[in-house]
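Below is one structure, written out as C-alpha cells; comments come after it.
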Amino acid sequence: MKSFHIITFGCQMNEHDSERMAGILSGRDYTVAAGAADADLVILNTCSIREKAEQKFYSELGRLRELQKERPGLKIAVAGCIAQQEGKKLLRHASHVDLVLGPSDIGRLGELLERGQTTGRAVVSTEGDPEYHLKRIPSTRAGSIKAWVSIMHGCDNFCTYCVVPYLRGRERSRTPEHIVDEARDLAARGFKEVTLLGQNVNSYGKGLGRQIDFPLLLSMINGVSGIERIRFVTSHPRDLSDELIAAMRDLPKVCEALHLPVQSGSDRVLKSMNRGYDRSAYLEKVRKLRAAVPGLALTTDIIVGFPGETLDDFEQTMSLLKEVRYANIFSFRYSTRPGTAALAMPDHLSEPEKEAR
Numbered sequence: 004m005k006s007f008h009i010i011t012f013g014c015q016m017n018e019h020d021s022e023r024m025a026g027i028l029s030g031r032d033y034t035v036a037a038g039a040a041d042a043d044l045v046i047l048n049t050c051s052i053r054e055k056a057e058q059k060f061y062s063e064l065g066r067l068r069e070l071q072k073e074r075p076g077l078k079i080a081v082a083g084c085i086a087q088q089e090g091k092k093l094l095r096h097a098s099h100v101d102l103v104l105g106p107s108d109i110g111r112l113g114e115l116l117e118r119g120q121t122t123g124r125a126v127v128s129t130e131g132d133p134e135y136h137l138k139r140i141p142s143t144r145a146g147s148i149k150a151w152v153s154i155m156h157g158c159d160n161f162c163t164y165c166v167v168p169y170l171r172g173r174e175r176s177r178t179p180e181h182i183v184d185e186a187r188d189l190a191a192r193g194f195k196e197v198t199l200l201g202q203n204v205n206s207y208g209k210g211l212g213r214q215i216d217f218p219l220l221l222s223m224i225n226g227v228s229g230i231e232r233i234r235f236v237t238s239h240p241r242d243l244s245d246e247l248i249a250a251m252r253d254l255p256k257v258c259e260a261l262h263l264p265v266q267s268g269s270d271r272v273l274k275s276m277n278r279g280y281d282r283s284a285y286l287e288k289v290r291k292l293r294a295a296v297p298g299l300a301l302t303t304d305i306i307v308g309f310p311g312e313t314l315d316d317f318e319q320t321m322s323l324l325k326e327v328r329y330a331n332i333f334s335f336r337y338s339t340r341p342g343t344a345a346l347a348m349p350d351h352l353s354e355p356e357k358e359a360r
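Take 4 as the starting number for the sequence shown in our numbering and just add one per residue.
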C-alpha cells in the first residue's frame, strides 16, 4: 500500500484543496505518511499570492530533490496556483517533479498519477474542469469539530496587485442545495463549526440564475441541526451589504467575527489598487457593523509599500488602524506578481522602504 504526504502553502482554500486531495488518495488505498521522508508521494500544494510563499515552495522543492536522490522511487507532485501559473515551465528547472496540476485539476489527481505511472513521464495538467470546485468531492478532514465548506470559486474583482482571477478563474458559485447537504453531512459526522470559503463570499450567488445571495445562504445553514457555529472568509468591503450585517446580527449561529481586508487607508492608493471603495465608505460599514454587532471581533489585511504609496498615504493607513481598533491585523509588504496591472505601475518602492513601513 502506497503512502502520501501533503505540504500546504497559502490560504484556507488551499488547505481545503489539500483535504480534497487527501480524500481522493485515501479512496485509492493510499495511507497518510508521517512526513515526506516516509512517503511514496509528496504533494506540494502551492500559493503564488506573494513572493515569500513562492520562495518557501522552491526551498521545499529543493529539499525534496535531495530526498529523491536518496529514495529514487519517490514521486513529487506540484498542485495549486504556482502549478497553474508555471505549467510546463516548472519542469525546466525542476525535472524531478512527476506531476503538475492546477487548482481545477485536483479531481483528476488519481487519473493523472496513473497516467504518469503508465507512461513513465512527467504529467502536466492545467486546463482544468471549470465545474470541479462546484462538485462534492470526498475530503479527508484535518479535524473533527471544525470544517471548511467551499461555497464558490474564483474572483471577479481584479485588484491590481492580485493574481487570483488569472489563476483560479472567474467567480462561480455552488448551488445552495449542495452546500446545505454538505453541512448536514458534516453535522451528522459530529462537526460543530463550519467556515464558508470563497475569494469573495459577499458576491455568492451570481450566475446561479435564481434569487439567492450570501445572507440567505447563511440563514439556510443556520437552520442545519447540529451545526453550532458559522464563520466565513473572505469578505470584500465593497460587497458587504446591509442585509449581511443584519444576518450577522440576527442569526444566532453566525460568529461575531469578521475579516474585512481594507488594504490601505488612502483613497489614492485604494483607487490605484482597484478596490472599489474609499476610506469613508469602509469606515461607514465598520460603523454599521459595530452598531449591529457590538461584540464584533474585526480583523483586516494591510499592504504596505504599494507602487506610488507616499509617506502621507502610509500615515493615512496608520490613522485608519487607530480609528478602527482591529482585533488583529495581518500586514504584508507589497509583492510584485507577474501578469498583474500593478507590476507595470511607476514609482515602485525599494525593499528597505517597504520594510521600514
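Even glycine gets a Cβ: it sits at the ideal position worked out from N, Cα and C.
Considering only residues of the same chain and omitting the five flanking positions on each side of residue i, which have a CB-CB separation below 7 Å?
| i | result |
| --- | --- |
| glutamate 231 | Lys195, Glu196, Lys256 |
| isoleucine 9 | Ser21, Met24, Ala25, Ile46, Asn48 |
| alanine 284 | none |
| valine 296 | Met251, Arg252, Glu259 |
| lysine 357 | Val307, Gly308, Arg336, Tyr337 |
| glutamine 87 | Gly105, Pro106, Thr129, Leu170 |
| alanine 40 | Leu70 |
| aspartate 270 | Asp281, Arg282 |
| alanine 97 | Leu64 |
By Cβ distance, which residues of its chain are closer than 6 Å to residue i, with the 5 residues on each side in sequence left out?
| i | result |
| --- | --- |
| isoleucine 182 | Ile154 |
| tyrosine 169 | Gly342 |
| leucine 352 | Gly308 |
| leucine 243 | Asn205, Lys288 |
| alanine 42 | Ser6, Phe7, His8, Ala36 |
Could you check the C-alpha separation between residue i and residue j for me, to the nearest Å?
| i | j | result |
| --- | --- | --- |
| glycine 38 | leucine 286 | 46 Å |
| threonine 129 | serine 107 | 7 Å |
| isoleucine 79 | aspartate 101 | 5 Å |
| threonine 178 | glycine 208 | 8 Å |
| glutamine 319 | arginine 192 | 48 Å |
| glycine 146 | leucine 314 | 44 Å |
| lysine 216 | valine 167 | In the sequence as displayed, the identity of residue 216 is aspartate instead of lysine. So the two alpha carbons sit approximately 22 Å from each other. |
| serine 51 | serine 62 | 14 Å |
| methionine 348 | aspartate 188 | 48 Å |
| glycine 298 | leucine 219 | 23 Å |
| asparagine 203 | serine 238 | 5 Å |
| arginine 124 | leucine 247 | 50 Å |
| leucine 77 | leucine 44 | 6 Å |
| glycine 355 | glutamate 312 | Checking the sequence, you will find proline at residue 355 rather than glycine. Taking the straight line joining both Cα atoms gives about 14 Å. |
Starting from residue i, follow the alpha helix (DSSP H) in both directions and report where the run begins and ends.
| i | result |
| --- | --- |
| serine 29 | 15 to 29 |
| lysine 325 | 314 to 327 |
| alanine 42 | Premise fails: alanine 42 is in no alpha helix (DSSP H) and is neither H nor E. |
| serine 62 | 54 to 73 |
| asparagine 225 | 217 to 225 |
| glycine 119 | 112 to 122 |
| valine 289 | 282 to 295 |
| leucine 189 | 179 to 191 |
| leucine 247 | 245 to 253 |
| alanine 3 | The structure shown does not extend to residue 3, since the chain is modelled only from 4 to 360, so the question has no answer here. |
| valine 272 | 270 to 276 |
| lysine 357 | 354 to 359 |
| histidine 96 | 92 to 96 |
Excluding the five sequence neighbours on either side, which residues of its own chain have a C-beta within less than 8 Å of the C-beta of residue i, listed in chain order?
| i | result |
| --- | --- |
| methionine 276 | Cys162, Thr163, Tyr164, Gln266, Ser267, Ile306, Phe309, Ala345 |
| aspartate 32 | Met4, Lys5 |
| alanine 190 | Val227, Ser228, Gly229, Ile230 |
If I'm right that residue i touches residue j with Cβ under 8 Å, what's the distance once you round it to whole angstroms?
| i | j | result |
| --- | --- | --- |
| phenylalanine 235 | arginine 53 | With a Cβ gap of about 23 Å, phenylalanine 235 and arginine 53 do not count as contacting. |
| arginine 360 | phenylalanine 317 | 5 Å |
| threonine 303 | tyrosine 329 | 5 Å |
| valine 152 | glutamate 174 | In fact, because the Cβ distance is near 17 Å, the residues do not count as touching under 8 Å. |
| leucine 200 | serine 176 | So it is not a contact: roughly 12 Å between Cβ atoms. |
Just reading off the beta strand (DSSP E) that residue i is part of, what are its end residues?
| i | result |
| --- | --- |
| glutamate 196 | 196 to 200 |
| lysine 149 | 149 to 153 |
| arginine 234 | 232 to 236 |
| leucine 301 | 300 to 307 |
| histidine 262 | 260 to 262 |
| arginine 336 | 331 to 336 |
With 8 Å set as the bound, which would you pick, yes or no: does the beta-carbon of residue i sit closer than that to a beta-carbon of chain C?
| i | result |
| --- | --- |
| leucine 263 | Looking at the structure shown, chain C is missing, and only one protein chain is on hand. |
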